[in-house]
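Okay, structure first, notes after.
Residue numbers (the working numbering), protein chains in the order written: chain A, 7 to 416; chain B, 664 to 791.
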């Protein structure tokens, strides 16, 4: 038992450090982690280590997304609202909201997965033929909420441009596994940082934390986030960010705070579902669950309970670590030259993109950063850049992707 | 013209030129021609072309077509998902039979420890 706790603790600590590095993801390290099997007392020990690592990395990635504006694929949408709160002196509150949501979501997700997995399976089979219609409906709602027709037109143009960009990138023969990293880092991270540098923004003194949200609103956002996170687990072509946009429009989530809460919940529920999918569906849904399947083969109830416990323990541990160092990070940020920090972060993102995706990634980063800048400069909401994932999803679910590819590349 | 306007024009130009270049590079891409026994894990994620004799064909209830290509005793799975299978021309569908020869262009992926190749448009399957 103590050895299991030791490896859960170790996984949580290492996952925490990995989450702090922009662009780093556990998937990049899985081949290395799998090679460590001989060093572990049993395959189950390595599996609990990977599960803890994965969850802890997700929670600590909230820190760079809020304080540095440097996202990964899961937290890209949190950059703008989180960063906005930081520039208003509410960075710690943004972090507190995301951690509270992740903790609540972890408990609620287990409850929902245990009692309603059959319902979700049925929902998946019923909804799958109509997913593209649902996404079109969400886009329509997003445009409908625009204040005037001029904004609606510019937003539509940004959506179409990013849709075309996303479709070409995701179906390019040059694309590799990590291509979402330069795509999303440019649109949501690097472009925001460049604007901060241009506008010479600085971090004001951060206020003391007060959650200051209505419990009912908080729980609703967490509940909707959990539902969306689990449904995303069933639908392979829909990602966490698309799910957040879906619940934002359908659930009428408008406030920055509720958006961050639902984003953290979707991420957490999706992570938990992915790790449970081995037992529930015998079908891995994430890099970590593929690795666990390789190590364990089949996952029985006992293994699943052990993995579940390790997820819960590491969620709690990672949340405590992130929370306890947040004060130090804020003090550091308040003291340091924010412009220099932004420039350093930009270089870190460019370096990571080059390491993981090479020259093609740098090329994609250049286009996606221009797209993010353009979106901001024409005054459109940055969520329209998500067209880069929404439009390819529509073509995939409508079954027209091969026809379009044949037409444009013939 | 103020700085914001200059930046806006530059961003738009960079987007349009970048997307055009991306399209041109992808359109003119020539996949590496490999023999089945040369395909290994180091090609994961890469788009390659392989040729072989169809050793096995299985059509699932959901409309996916699973092929097994064979060349010099080595085998490689080819997965044609239902979205693509539906759009295949009739003559190609007709020639997806055991014993026929096929050239496939697609991404190398790993599923349950086995390498497979995933074509994504009808012209990626070329009966020889």
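Note that beta-carbon positions come from the ideal geometry of N, C-alpha and C, so glycine has one too.
The structure displayed is predicted, hence computed values, not measured ones.
- Beta bridge pairing from DSSP links residue 743 of chain B with B:728.
- Per DSSP, residue 413 of chain A is one residue of the alpha helix (DSSP H) stretching across 407 to 415.
- In this structure, residue 24 of chain A sits away from residue 168 of chain A, with a CB-CB distance that is not shorter than 7 Å.
- Annotation: Cβ neighbours of residue 171 of chain A in chain B (cutoff 7 Å, chain order): 682.
- Contact with chain B is found for residue 376 of chain A, since one of that chain's Cβ atoms lies less than 7 Å from the residue's Cβ.
- When the five nearest sequence neighbours on each side are left out, the beta carbons in the same chain lying within less than 6 Å of the beta carbon of residue 285 of chain A are those of 305 and 310, in order along the chain.
- Taken in chain order, the members of the region 685 to 697 of chain B whose beta-carbon sits within less than 8 Å of a beta-carbon on chain A are 685, 686, 688, 689, 690, 692 and 694.
- Look at residue 708 of chain B: its C-beta is under 7 Å from a C-beta on chain A.
- The beta carbon of residue 344 of chain A does not come within 7 Å of any beta carbon belonging to chain B, so the residue lies off that interface.
- Residue burial is scored here from C-beta neighbours: residue 341 of chain A has fewer than 16 other C-beta atoms within 10 angstroms and is therefore classed as exposed.
- Partner residues in the beta bridge of residue 764 of chain B, as assigned by DSSP, are B:716.
- A Cβ-Cβ separation of about 5 Å places residue 319 of chain A in contact with residue 14 of chain A under the 8 Å criterion.
- Within the region 43 to 54 of chain A, no residue has its Cβ closer than 9 Å to any Cβ of chain B.
- Per the C-alpha coordinates, the member of B:780, B:730, B:775 and B:683 positioned closest to residue 719 of chain B is B:730.
- For residue 307 of chain A, same chain residues with a beta-carbon under 8 Å away, outside a window of 5 residues either side, are 285 in chain order.
- If you draw a 10 Å sphere on the C-beta of residue 51 of chain A, you find 16 or more other C-beta atoms in it, and that means buried.
- Under the DSSP assignment, residue 49 of chain A falls in the alpha helix (DSSP H) whose first and last residues are 49 to 66.
- Residue 87 of chain A is positioned such that its CB atom lies closer than 7 Å to that of residue 262 of chain A.
- Any Cβ of chain B closer than 7 Å to the Cβ of residue 130 of chain A would place that residue at the interface, and such an atom is absent.
- With its beta carbon at least 7 Å from every one in chain A, residue 790 of chain B lies outside the interface.
- Residue 236 of chain A and residue 281 of chain A do not touch by the CB rule: their CB atoms are close to 12 Å apart, not below 8 Å.
- Judged by DSSP in its simplified three-state form, residue 290 of chain A adopts coil rather than helix or strand.
- Contact check for residue 390 of chain A against residue 165 of chain A passes: the beta carbons are separated by less than 7 Å.
- Below 8 Å, enough C-beta pairs join the region 780 to 791 of chain B and the region 756 to 771 of chain B to call them touching: three or more.
- No Cβ-Cβ contact shorter than 7 Å links residue 250 of chain A with residue 276 of chain A.
- Against chain B, the beta carbon of residue 409 of chain A has neighbours under 7 Å at 750, listed in chain order.
- Using a CB distance below 9 Å, the part of the region 707 to 728 of chain B facing chain A consists of 707, 708, 709 and 710, ordered along the chain.
- Counting along the chain, the unbroken alpha helix (DSSP H) around residue 24 of chain A starts and ends at 8 to 26.
- Going by C-alpha positions, residue 684 of chain B is about 10 Å away from residue 690 of chain B.
- The shortest C-alpha to C-alpha distance from residue 170 of chain A to any of A:186, A:397, A:402 and A:194 is the one to A:397.
- Per DSSP, the beta bridge partners of residue 738 of chain B are B:733.
- Residue 188 of chain A is a Cβ neighbour of residue 371 of chain A, given a cutoff of 7 Å.
- Collapsing the DSSP output to three states places residue 710 of chain B in a strand.
- For residue 790 of chain B, the uninterrupted beta strand (DSSP E) run begins and ends at 788 to 790, by DSSP.
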